[in-house]
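Using full-length UniProt numbering, the first residue of the sequence shown is number 1, and each one after it goes up by one. Beta carbons: idealized from backbone N, C-alpha and C, even for Gly.
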Amino acid sequence: MSSKKLGRLQLQRELNGWLFVLPMLVFFIAFVVYPILSSIKSSLYGFDYTEYYWAGLDNYRTILQDELFRKSVSNTLLFVVLLVPAVTVLSLFLSVLINTHSNKMQSFLKATFYIPGVTSLVSLAMVWEYIYNNQFGLANYALKTLGMAPVNFLGADWAYFSLTLILLTTSIGSSIVIFTAALNGIPAELYESASLDGAKPVRTFVSITLPMLKPTLLYVVVTSTIGAFQIFAIILLMTGGGPAYKTTTILMLIYREAFINMNFGIANAMGIVLCVIICLIAFLQFKVLKSDVEY
Numbered sequence: 001m002s003s004k005k006l007g008r009l010q011l012q013r014e015l016n017g018w019l020f021v022l023p024m025l026v027f028f029i030a031f032v033v034y035p036i037l038s039s040i041k042s043s044l045y046g047f048d049y050t051e052y053y054w055a056g057l058d059n060y061r062t063i064l065q066d067e068l069f070r071k072s073v074s075n076t077l078l079f080v081v082l083l084v085p086a087v088t089v090l091s092l093f094l095s096v097l098i099n100t101h102s103n104k105m106q107s108f109l110k111a112t113f114y115i116p117g118v119t120s121l122v123s124l125a126m127v128w129e130y131i132y133n134n135q136f137g138l139a140n141y142a143l144k145t146l147g148m149a150p151v152n153f154l155g156a157d158w159a160y161f162s163l164t165l166i167l168l169t170t171s172i173g174s175s176i177v178i179f180t181a182a183l184n185g186i187p188a189e190l191y192e193s194a195s196l197d198g199a200k201p202v203r204t205f206v207s208i209t210l211p212m213l214k215p216t217l218l219y220v221v222v223t224s225t226i227g228a229f230q231i232f233a234i235i236l237l238m239t240g241g242g243p244a245y246k247t248t249t250i251l252m253l254i255y256r257e258a259f260i261n262m263n264f265g266i267a268n269a270m271g272i273v274l275c276v277i278i279c280l281i282a283f284l285q286f287k288v289l290k291s292d293v294e295y
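Shown next as structure tokens:
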């Protein structure tokens with residue numbers, strides 16, 4: 001075959017490949033790349049309630065000097081610290097327990113834990129507001145029955161833990177589905193060999209299960225971290241960022257600046273800073289958890 005024909009065949013193969021990825025490529029550019037570039041551009045403009053003007057890096061200087069923004073960053077990081085380890089450890093523990101049951105029971109249990117994650121957040125907020133109510137809430141009723149004093153679950157002292165519990169119930173379902181799928185993919189021969197060697201369950205988990213789950217563990221940790229940084233709806237519905245901005249997150253400030261103050265420059269600058277923080281933390285997580293992980 002001549003070199004020209006080979007060249008045409010190679011070009012045709014490449015063209016066919018580009019045609020296959022073209023729809024997704026257009027979608028990616030239109031709904032991912034363009035909005036990111038537009039946000040970066042918008043973050044360099046200011047707004048004086050009449051028109052937009054070039055501000056350069058002034059928006060970034062403003063938010064970095066803003067005490068409320070720094071507080072929202074610390075609040076968001078606290079939610080990440082509370083939520084991500086809880087989601088990872090609890091979902092892994094429950095997945096191991098679920099994996100010991102039959103396939104039908106596994107499906108039922110996974111669906112049970114997954115349902116809160118796909119339920120309307122407004123409905124969930126209404127239910128949890130009733131549970132946390134100071135006067136007639138179910139939680140305080142249980143405390144009263146035990147002879148304990150009532151607790152203001154959405155007050156300054158308990159708000160973090162109360163909201164984290166809600167977020168935990170809506171987050172572990174997807175992680176459990178992922179972990180159970182990974183557990184079912186571990187070759188049974190490894191466990192049989194460990195059993196023949198007299199390995200205890202804890203030793204088997206540490207030496208076989210955990211190393212084989214490292215790619216899945218990395219995925220769950222990274223996605224849980226990203227999700228924790230994007231907490232918004234539940235906090236808006238339950239506390240509105242209070243009391244005294246104690247539960248205000250970065251995303252809530254972005255919402256306020258963009259859709260209440262109409263200051264899209266400041267809002268986009270906050271969004272870019274949030275994106276940088278998430279990328280840095282995800283990079284560190286990859287560095288820490290990537291050992292012995294095969295992709």
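Counting C-beta atoms within 10 angstroms of its own C-beta, Met270 has 16 or more neighbours from the protein chains shown and is therefore classed as buried.
Here the C-alpha atom of Phe161 lies approximately 44 Å from the C-alpha atom of Leu196. By the 16-neighbour rule on beta-carbons within 10 angstroms, Gly137 is buried. Taking a C-beta distance under 8 Å as the contact criterion, Val87 and Ser175 qualify as a contact pair.
Going by C-alpha positions, Ile250 is about 19 Å away from Leu44.
Secondary structure note for Gly185: it is in no alpha helix (DSSP H), with a DSSP letter that is neither H nor E. Judged by beta-carbon spacing, Tyr219 lies within the 8 Å limit of Ile178, meaning their Cβ atoms are closer than that value. According to the DSSP secondary-structure assignment, Gly137 is paired through a beta bridge with no residue.
For Tyr52, the uninterrupted beta strand (DSSP E) run begins and ends at 52-54, by DSSP. Residues Leu44 of the same chain have their beta carbon placed closer than 7 Å to that of Gly56, with the five preceding and five following residues left out of the count. Burial check for Phe264: the Cβ neighbour count within 10 Å reaches 16 or more, so the residue is buried.
In this structure Gly241 is buried. Its beta-carbon is surrounded by 16 or more other beta-carbon atoms within 10 angstroms. For Asn134, the closest of Ala159, Leu121, Leu124 by C-alpha to C-alpha distance is Ala159. Per the coordinates, the alpha-carbon of Ile281 lies some 10 Å from the alpha-carbon of Lys287. For Gly271, the enclosing alpha helix (DSSP H) begins and ends at 264-289.
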